[in-house]
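S.K.: This note's numbering numbers the first residue of the sequence shown as 14 and each following residue consecutively. Ideal placement from N, C-alpha and C gives every residue a C-beta, glycine not left out.
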Amino acid sequence: MNDIRVKICGLSRAEDVAACAEAGAAYGGFVFFPKSPRAVTPEQARALALEAPVGLAKVALVVNADDALLDAVTATVPLDMLQLHGSETPERVTEVRARYGLPVMKAVGVATEDDLPKLGLYAQVADQLLIDAKPAPGAELPGGNGLSFDWRLIAGRRWPRPWMLAGGLTPENVGEAIRMTGAAQVDVSSGVESAPGVKDAGRIADFIAAAKADPVPRL
Ligand SMILES: O=C(O)c1ccccc1NCC(=O)[C@H](O)[C@H](O)COP(=O)(O)O
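(1) Considering only the beta carbon of each residue, do Lys-20 and Gly-37 sit closer than 9 Å?
(2) Taking a contact to mean a Cβ-Cβ separation below 9 Å, would you say Ala-78 touches Val-90 in this structure?
(3) Measuring straight from C-alpha to C-alpha, what distance separates Gln-198 and Val-121?
(4) Can you find the residues in the same chain that come closer than 8 Å, C-beta to C-beta, to Leu-182, ignoring five residues on each side of it along the sequence?
(5) Buried or exposed: where does Leu-69 fall if 16 or more other Cβ atoms within 10 Å of its Cβ makes it buried?
(6) For ligand 1, any of its heavy atoms closer than 8 Å to the Cβ of Lys-119?
(7) Tell me whether Asn-15, by its Cβ, gets closer than 8 Å to a heavy atom of ligand 1.
(8) Residues bridged to Phe-43 by DSSP?
(9) Tell whether a beta-carbon distance below 9 Å holds between Lys-212 and Arg-26.
(10) Per DSSP, what kind of secondary structure is Ser-207 in: helix, strand or coil?
(11) Could you tell me which whole alpha helix (DSSP H) segments of length 4 or greater appear in the region 143-198?
(12) Exposed or buried, what is Thr-112 when buried is set at 16 or more other beta-carbons lying within 10 Å of its beta-carbon?
So this is what it looks like as structure tokens:
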């Protein structure tokens with residue numbers, strides 16, 4: 014077994030939190046984006062976060078959130094990290110880190126080689142990077158679309174911050190994704206669901222077991 018750290022994103026029920034804890038997830042994500050089938054209110058997330066064991070880091074995912082939303086989320090939910098999943102600028106990342114005193118993970122969408130410089134840019138201001146597939150033009154959601162990008166684009170590349178691979182990962186392909194990219198952390202949402210927004214405990218367990226199964230090449 015390796016030491017890959019897994020984030021399960023889009024938890025909305027107590028049984029999802031229990032499944033993550035049972036299977037050994039390192040992070041659990043709560044989505045504060047009303048259009049998402051995984052959206053929760055700060056009060057719902059608080060109840061879920063209070064159920065989480067100490068070893069499960071609680072991440073709040075927001076999209077171009079203003080201070081009012083971030084104030085409400087951070088005042089209500091016991092959190093370990095903020096995930097900015099919109100088009101937040103590097104300046105906004107710096108501002109959010111300073112205002113809330115929480116580590117910030119910046120999601121960056123990748124579709125082609127041209128998207129890679131943004132990773133270097135955000136690595137200068139964020140605590141972690143989430144390297145995700147870029148959504149299709151006009152997509153309703155900026156993430157959680159079950160879409161992969163070409164993993165060869167980041168194979169062998171490194172950044173001066175911890176990073177997480179995301180986008181279209183499933184129990185079936187996560188081992189291959191880790192082998193190709195050398196990721197030490199992976200994130201999944203729709204790949205462990207039975208329907209949009211409905212997490213499946215069996216798939217969460219299968220995903221984490223598959224991610225942790227093989228020795229990881231640190232490229
Ligand atoms: O999951 C959502 O509904 C969502 C909504 C708005 C912004 C981001 C969202 N998810 C981001 C995540 O962290 C996902 O885990 C990541 O994009 C991978 O999703 P998937 O391809 O479905 O595994």
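M.R.: Taking the definition as stated:
(1) Counting from 1 along the sequence shown, the entry for residue 20 is found at position 7. Counting from 1 along the sequence shown, the entry for residue 37 is found at position 24. No, the Cβ-Cβ distance between Lys-20 and Gly-37 is not below 9 Å.
(2) Here residue 78 refers to the residue found at position 65 of the sequence shown. Here residue 90 refers to the residue found at position 77 of the sequence shown. Contact: no.
(3) As a first step, residue 198 must be located in the sequence shown, where it is residue number 185. As a first step, residue 121 must be located in the sequence shown, where it is residue number 108. If you take the alpha carbons of Gln-198 and Val-121, they lie about 15 Å apart.
(4) For the purposes of this step, residue 182 is identified with residue 169 of the sequence shown, where counting begins at 1. Result list for Leu-182: Ser-161, Ala-190, Val-199, Asp-200, Val-201, Gly-204 and Phe-220, in chain order.
(5) Numbered from 1 along the sequence shown, position 56 holds the residue referred to as residue 69. With 16 or more neighbouring CB atoms inside 10 Å of its own CB, Leu-69 falls in the buried class.
(6) By one-based count along the sequence shown, residue 119 stands at place 106. Incorrect: Lys-119 has no Cβ contact closer than 8 Å to ligand 1.
(7) Residue mapping note: residue 15 aligns to position 2 of the sequence shown, counting from 1. For ligand 1, not one heavy atom lies less than 8 Å from the Cβ of Asn-15.
(8) The residue you call residue 43 lines up with position 30 of the sequence shown. DSSP output for Phe-43 lists Ala-73 as bridge partner(s).
(9) If you number the sequence shown from 1, residue 212 lands on position 199. If you number the sequence shown from 1, residue 26 lands on position 13. In this structure, the beta-carbon distance from Lys-212 to Arg-26 falls below 9 Å.
(10) Here residue 207 refers to the residue found at position 194 when the sequence shown is read from its first residue. Three-state DSSP puts Ser-207 in a strand.
(11) List check, alpha helix (DSSP H) in window: 187-194.
(12) Residue 112 sits at position 99 when you count from the first residue of the sequence shown. Strictly speaking, residue 112 in this sequence is Arg, with Thr absent from that position. Flag for Arg-112 reads exposed.
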